[in-house]
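First comes the structure, then the notes that go with it.
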Amino acid sequence: MSSVTRTTTSPGTGTAPPAPAKAAAPAKAPGTAGHRDEPRIGLRSHLRHIGALTRRNTLQIKHDPESMFDVLLMPVIFTLLFVYVFGGAISGKGNQNDYVNYVVPGLMAMMGMNIAMAVGTGVNDDFKKGVMDRFRSMPIARFSVLIAKIVVEVGRMTVAMVILLGMGFLLGMDVKTSFLEVLVAMGLSIVFGASLMWVFILLGIAMPTPQAVQGVAMLILMPLQFGSSIFAPPETMPGWLETFTEYNPLSNLADASRALVNGGPLAEPVWMTLGWSLAITVVTAPLAVARFRKN
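Residue numbers (UniProt numbering): 1 to 295.
This is the structure in structure tokens:
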């Protein structure tokens with residue numbers, strides 16, 4: 001028995017045309033959704049990427065030596081300025097040598113903050129030049145780019161601290177503790193400065209131009225630096241400013257550095273500095289990485 005296949009005919013034709021096949025949905029290209037896909041990368045690859053990007057950023061300094069002028073000159077200028085120009089007015093005529101021991105540990109805190117600001121303008125400039133877009137098209141972890149920036153700035157910060165301490169010794173700073181404690185004081189300033197870099201990275205991503213980054217950063221830096229115990233004891237200030245100074249994280253850092261260099265109460269300012277550093281990093285680092293991915 002032969003089987004008969006029934007077909008539906010349409011007027012004017014022998015058989016109905018086959019139903020059109022359902023078009024396949026176009027595949028989404030990676031990174032074209034609301035956010036760019038980030039490759040899953042192991043710890044060893046993370047470290048390799050950070051190392052390669054750090055080398056790239058270091059070579060940039062080699063090809064642009066003027067970018068080290070702030071690191072090389074700022075410690076010298078600030079030390080001479082505050083010891084010989086303002087030192088007599090703040091500590092009294094003839095007491096500049098005593099003031100060296102007061103102001104140099106405080107200047108370490110200030111130096112770390114000023115160097116940290118450079119990472120924000122650098123990130124913003126890389127966005128303007130399209131460098132960050134090229135990085136994000138590569139199979140590397142997003143935060144490796146930012147960590148490499150921080151590593152290079154920490155190196156610059158270390159150079160500035162060494163020059164600052166050298167100037168302090170040349171001007172008569174007398175360490176009353178030990179060399180190891182001086183290194184700890186320098187390390188505290190670097191740790192706090194590194195935490196602030198996340199704030200400036202966030203500004204660098206959010207602001208439209210490097211000039212805008214610098215402007216907003218200075219609005220943050222000036223009150224914190226001059227409303228602190230870096231240059232003068234808080235008890236010499238008006239009551240309202242003394243209260244602000246006591247709760248200023250830069251005052252905690254300056255007091256901790258002085259205690260490590262000159263001796264004195266140590267535990268509270270050190271723990272307060274570490275606490276501020278941790279809090280700033282925990283809050284701003286995730287925000288900076290998230291904004292970097294979306295920008």
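Positions of the beta carbon are idealized from the N, C-alpha and C atoms, including for glycine.
Residue burial annotation: Ser178 is exposed, with fewer than 16 other C-beta atoms found within 10 angstroms of its C-beta.
In the structure shown, Pro65 falls within a helical segment according to DSSP collapsed to helix, strand and coil. Take Ala288, set aside five residues on each side of it, and the residues of its chain with a beta-carbon closer than 6 Å to its own are Trp198, Ile201 and Leu202, in chain order.
In the DSSP annotation of this structure, Glu235 is not part of any alpha helix (DSSP H), being labelled neither H nor E. In the three-state scheme derived from DSSP, where H, G and I count as helix and E and B as strand, Asn295 is classed as coil. Secondary structure note for Ala212: its alpha helix (DSSP H) is the uninterrupted segment Pro210 to Phe226. Taking C-beta atoms as the reference points, Val152 and Asn262 fail to come closer than 8 Å.
Put simply, the backbone Cα of Asn124 is about 8 Å away from that of Val213. With a contact defined as Cβ atoms closer than 8 Å, Leu266 and Ala109 miss out at about 15 Å. Per the C-alpha coordinates, the member of Met218, Ser144 and Ile77 positioned closest to Thr121 is Met218.
For Val175, the three-state secondary structure derived from DSSP is coil.
Assignment of Ile147 by DSSP, reduced to helix, strand and coil, places it in the helix class. Residue Ser67 holds the alpha-carbon nearest to the alpha-carbon of Arg156 among Arg293, Ala279 and Ser67.
Contact between Ser144 and His49 holds, with the beta-carbon distance rounding to 4 Å and staying under 8 Å.
Thr54 and Ala148 have their C-alpha atoms roughly 5 Å apart. For the options Leu183, Asp126, Gly193 and Lys129, the alpha carbon positioned closest to that of Leu278 is the one of Gly193. Taking each of Leu164, Pro139, Glu181 and Ile163 in turn and checking the Cα distance to Gly264, the smallest one comes out for Glu181. In the displayed model, Ala109 falls within a helix according to three-state DSSP.
Its Cα nearest to that of Ser229, the residue Asn248 stands out among Met222, Asn248 and Trp240.
Note on geometry: alpha-carbon atoms of Gln211 and Phe78 lie some 23 Å from one another.
Counting only residues of its own chain and dropping the five nearest sequence neighbours on each side, Ala285 has a CB closer than 6 Å to the CB of Trp198. Contact between Arg142 and Arg293 holds: their C-beta atoms lie close to 5 Å from each other, under 8 Å. Apart from sequence neighbours up to five positions away, the residues of its chain that approach Glu246 with a beta-carbon distance below 8 Å are Pro234, ordered along the chain. Met111 places its beta carbon 8 Å or farther from that of Leu196. Looking at the backbone, the Cα of Ser257 and that of Glu268 are separated by about 12 Å. In the structure shown, Leu266 falls within a coil segment according to DSSP collapsed to helix, strand and coil.
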